[in-house]
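All letters in the sequence shown, in the order written, are residues -25 to -1, 1 to 1091 by mature numbering (1 follows the signal peptide of the UniProt record, and there is no 0).
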Amino acid sequence: MEWKIGKVTSSLFLLLTAFLSLSAAQESPPGEWGEPYFVSLVPGKVNIGQYSTSLRELDISMWEEIPSPVPIMQINYKGGDLQIRVQPDHIGAQLVHEDGHWYFIVNNRMDFEQAGQRLSVLTLVVESDVRNSFTVAINLINILDNTPSMYSEGLCRIPEHEETFLSSCTYTVHHDDGFVPNEIEGMHTNRIDFNMPDVEDTFEMVPADVIDTFNKQYKLSVLRALDYAQQAVYNFQVTVYDLNQTHTFTLNVVVQVENVESRVPIFTRPFTTQRILEKTPFSATVTAIDGDTGINADICYSLETDVAAYAKYFSIQLDESRKNGILKVQEIDRDTEKNEFYQFKIMAYKCHNELYNITSEAAIILEDKNDHVPTFDVEPSALSFWENTLMELPFERFNIEDIDLGLHATYNVHLQERVSGQIVSEIKSFSIIPNNGYQQGTFTITITNAAQLDYELPEQRQFDLIITATEVADPSHTSDQVVDIELRNWNDEVPIFDKDIYEVAIDETVGSSYDLVTVTITDRDVDDAVELRILSRNGEYLTITPVDTSEQNFPVPTFVFKISTAKDEIFDYDVAKEVIVQLEAKDTLQTAKQEPIHQVFSQVVIKVRDINNKPPSITVPRGRMHIEENSEPGTTVKIEVTEGSEEDAILIGTDPDTTAQLKFSIDWQSSYAVKTGAPVDPEVFEDCLIIDVDSTDHNRVTGRIRVNPELNQSTINERLDYEAYETLFLTVRLVDEKQVIPPGDTEAIIVIQIGNVNDNEPEFVGNTLDVERVVLEEADRGTIVGTIAAIDRDGDPITYSITPKNPDHEGWIAIASTGMLTVDASEKPIDCDVPIIHEIPLEVTLFDGLYTTKGSIAIKITDTNNKVPSLSSTVPPDVEIFEKSPSETEVLQLNVQDLDREAQFHTVAFEIDYKTFPELQKFFDVERLVDNSGERLNQTGLVRVKPNNDVLDRDLGTARFTINVKGYDNPNGFGRQNPIEASFTLILLDVNDHEPSMPVLAGLQLSEDATKGAVLVDRFEATDLDDRSTPNAKINYRIVDIKAAGDNSPEAVDAMNHRQQLEQEQQDQDDSTDDLFTLSRLDDYTTRLTVGQDLKTFYGRWTIQIEACDRGDEYD
């Protein structure tokens, strides 16, 4: 580096001047004094400053309004004479000497608000020598001793409807103690607060301007919109407080709400409803005022009828005062219009703006003139209908109309009959609904007592029904309507037997064609007939014969029948001592009305006399007969009556013959027993039971089946044994030993269930305990594992239970009432991994209610891939290695453990997520390491620099890598694979592998008049590609050599050569000679090249050799 210096002559000088100040020690006032010189007698309210010797002055700060007289200070002067030579008139100070001390007393009231009293300067003279005088300056401190005042700047008017805004209403608060910048007690600034309890949600005071120290302005802020209609004037009190609410002042504030046009008119004299006589003119006055009463605009009126056709009758216009509306109604004929109610709307509106309007509903009700009578409109006027039938008379229309109004159009309706030319006023067979009407009405006539309309009465077959309508207001207004009525005959009468019950007594051997009874039946219907038939099953053995009554004269139609036997021996005393025959009588008339046929019933009671000729019979009790096995001799067979209760099973033998002699026995030859449906050898059960007979009643004997007391009950061949046979089928025979006409005996098969007694232990069936059973780890609840097969020879129900031999397996397996084994796992799933187990040992218990049997089984567990691999330690977020690390350099070890039992499931494979970060394939891979030394397989995913990797150069490439390592178990199997994932950031540490690169500098020039310190290159920087945050890229600079390069002055060259010679000789000694050029460090990366000495006489070219060296490990 070289540049040329020109010749100039100039110089620069810098002059620095320093000033020092000294202070002397404090001295006492003139004379002899004790310490402290001055002591406050009112601490806190009178503060005494330090006496100034140079100024001969003592400063005192004192509260105003301290009650006087008051000694404020003790003066420790030791001499005999101390006087106040000069003082203001307002203070009235004096010195008093007592008890060897001087006291300074203020006798007058001191008021800060009196400006002349705020500073009081007094002169004190020692020993009457004016040369020994000093000054006392008393500064009054303002305290809060005055009450604020408040006044309004004028009448406050605020428009209504405006939300939250600041009004122009201004109020001034005055306080003699002042505001900013005056201080209260030397510390506080007076502050004003307001209280408006009645309107605090409506108004608040907001600061406006500060007029001066003693006056502030406030404006009234509106918090919510005002409403002139609700409140036109607000009159409230505002209380103003000063600092700490020491003093208060209350002002009555009046706010006038300004009416803003926003309201519709208000009717003060509305028109609503008026009754007038039809065909009569009418008028009325309507008055409305402006709803904005503060504006009071002129009001106009208009009218609109609900029905446009009625508008011709109504009008409204202003009166002469133009304040009221005159409503006029023309004559209206209600009968022509057929309307008495006329509804209309009267609108009042502001004449200048019709948008502000109000509408009033109004109506005229016409009162009627009674000038009409009720009239009928009936079609047809002649009716024909069925007798004795409740119905509504079938008029096509039945209307009555009186076109008057109100009571004049109200009428009553009543009915009369004209029968055989005679008027019947009180009728009960018809009613009319309604029985009154108003104007036009539709009416219904119904039959209320159909029985009175009877075709069987000749006078009722034709008659007139008269309907009369009578006006309520004027009974002379009456009209009639006559309706001709003709009744039609139909089957409405019921046949009647002459007796409710017919009774007769006969022998059971009576023969054919024997007359039993005569039956008489009547029916009032004209043109009707009656049929008789027998409803009982024995009707086929009886005959009904009609009797001819044509020659007889009965008042009503009468029908007679005879009932006789149809064949021999149809009655049996032993079957029925009394026979009841049900009779049905049915009429036959059926008209176009399609009415139902009538049926009535009676009965014939036939009492039969007995002839003895019947065999005996056996009655077996209903229910299940049973007896327990091993029952003691004499035990009776039982039968269930209801659930949970039983009684002796009793066989009943009967014979209706009075001479019967009955005997029970068991026919063992035809009796048999079975076990599970198969017959057993008779020797096992013969003679095990007997029948114990009670023959007290010869017509009815009873028998109880008991265990034979004469047999040995200890052997299976003679005792009842459920395991040998479970059901006995006994043939029981009943014989009438005095029967004359055979047969004289009868048989019945009795089924007896042998009750089981629990006398055998339950048993496991075959090799059911040794069957191989397998369950899947974490199998779902309810999964079937297998079945335990067991039997109980007594047939008793078996209760199954299981107990795990390892308490840790509790709740894994459940057993059902059928012996089925299922997975329970309601509280915890089956786990064969932690700890490692291969089977579940269980104890199985069978219990039949009395006996217990135990056995052991083992269920093998099939492992599932249900454990997720886990990292044994936390993955650091950042990992560091040096750049350009060689292949297979370790980056990070990921220690992983999978707790699955089987190797295929706890084997974990690793891979780097090249899909998301494809550039990682050039630099890194992951190697799987295995440690089999422990109980569990420990696996490590070793992230490393891959073999044959690309160079990791942080300076020219990437300095940070995000590496995502994925692991998954069961890598070579099918089914579930559990993933694990770890991410970290790899940071490449810098290696000092780059030299600094010097900047290119040329054409540098400097004038000869440059002095020491002149900047040649302000910022000189060599570039290093290494990490700038490390010493590898931080540069040290030094000047290696400075040489003359041409056109230099001889003196400069000689001086430079001489200097270099001295440096060579004294290279180990300090050289006090300044270099021609120097370097000064700016920061870790740059330096500044400056002139080392004045360049006078050093003109010419100079070459400067500068060395730049980084501070990395390689730097020496």
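Just so you know, even glycine gets a beta-carbon here, dropped at the ideal spot from N, CA and C.
Small disclaimer: the values here were computed from a predicted structure and weren't measured.
- In this structure the stretch 862 to 870 does not touch the stretch 823 to 835; the number of beta carbon pairs closer than 8 Å is below three.
- The C-beta separation of I133 from V232 comes to about 6 Å, placing the pair in contact by the 8 Å criterion.
- Looking from the CA of A985, the closest CA among D1069, S801, V1028, A286 belongs to D1069.
- Apart from sequence neighbours up to five positions away, the residues of its chain that approach A699 with a beta-carbon distance below 7 Å are K650, V655, V659, I691, ordered along the chain.
- By the Cβ-count criterion, H784 is buried, with 16 or more other Cβ atoms from all chains shown falling within 10 Å of its own Cβ.
- DSSP, reduced to helix, strand and coil, places A444 within a strand of the structure shown.
- Taken through DSSP and simplified to helix, strand or coil, N1007 comes out as helix.
- Per the coordinates, the alpha-carbon of N923 lies some 29 Å from the alpha-carbon of D944.
- When rounded, the separation of the alpha-carbon atoms in V707 and S620 is 25 Å.
- Note on geometry: alpha-carbon atoms of G396 and T524 lie some 38 Å from one another.
- A distance of 9 Å or more separates the beta carbons of E446 and D343.
- Boundaries of the alpha helix (DSSP H) around Q879: 878 to 881.
- For the beta strand (DSSP E) assignment, the uninterrupted runs of no fewer than 3 residues enclosed by the stretch 605 to 688 are, from N- to C-terminal side, 613 to 617, 620 to 623, 625 to 629, 637 to 641, 647 to 650, 664 to 672, 675 to 682.
- For the alpha helix (DSSP H) assignment, the stretch 440 to 487 encloses no uninterrupted run of at least 4 residues.
- Within the stretch 877 to 917, the runs of alpha helix (DSSP H) that reach at least 4 residues and sit entirely inside it are, in chain order, 878 to 881.
- Residue environment for Q914: buried (at least 16 other C-beta atoms within 10 angstroms of its C-beta).
- Here DSSP, grouped into helix, strand and coil, assigns G978 to coil.
- One alpha carbon belongs to G75, the other to V101, and they sit about 16 Å apart.
- Beta-bridge analysis with DSSP links M171 to no other residue.
- Per the Cβ contact rule, the stretch 606 to 618 is not in contact with the stretch 570 to 589 (fewer than 3 Cβ pairs under 8 Å).
- By the Cβ criterion, the stretch 351 to 365 is not in contact with the stretch 323 to 336, since fewer than three pairs of Cβ atoms, one from each stretch, lie closer than 8 Å.
- Secondary structure of L97 (DSSP, three-state): strand.
- As computed with DSSP, G942 is found in a beta bridge with F885, I955.
- The stretch 310 to 337 contains, as complete beta strand (DSSP E) runs of 3+ residues, the segments 316 to 325 (chain order).
- Within the stretch 191 to 249, the runs of beta strand (DSSP E) that reach at least 3 residues and sit entirely inside it are, in chain order, 208 to 216, 223 to 233, 241 to 244.
- In the structure shown, V81 falls within a strand segment according to DSSP collapsed to helix, strand and coil.
- A direct Cα-to-Cα measurement between L1000 and L976 gives close to 20 Å.
- A direct Cα-Cα distance of roughly 14 Å separates V746 from E818.
- Of the residues D968, N870, K842, V850, the one whose Cα lies closest to the Cα of K859 is D968.
- In the structure shown, the three-state DSSP call for Y430 is coil.
- In the assembly as shown, S577 is a buried residue. Its beta-carbon has 16 or more other beta-carbons within 10 Å.
- When the Cα atoms are used, C275 and A259 turn out to be separated by approximately 16 Å.
- Contact between Q437 and E468 fails: their C-beta atoms lie close to 20 Å from each other, not under 8 Å.
- Approximately 11 Å separates the beta-carbon atoms of I35 and I50; this is outside 8 Å, ruling out the contact.
- Between the stretch 663 to 670 and the stretch 549 to 565 there are fewer than three C-beta pairs closer than 8 Å, too few to call the two in contact.
- In this structure L796 touches I788 by the C-beta definition: roughly 6 Å separates them, less than 8 Å.
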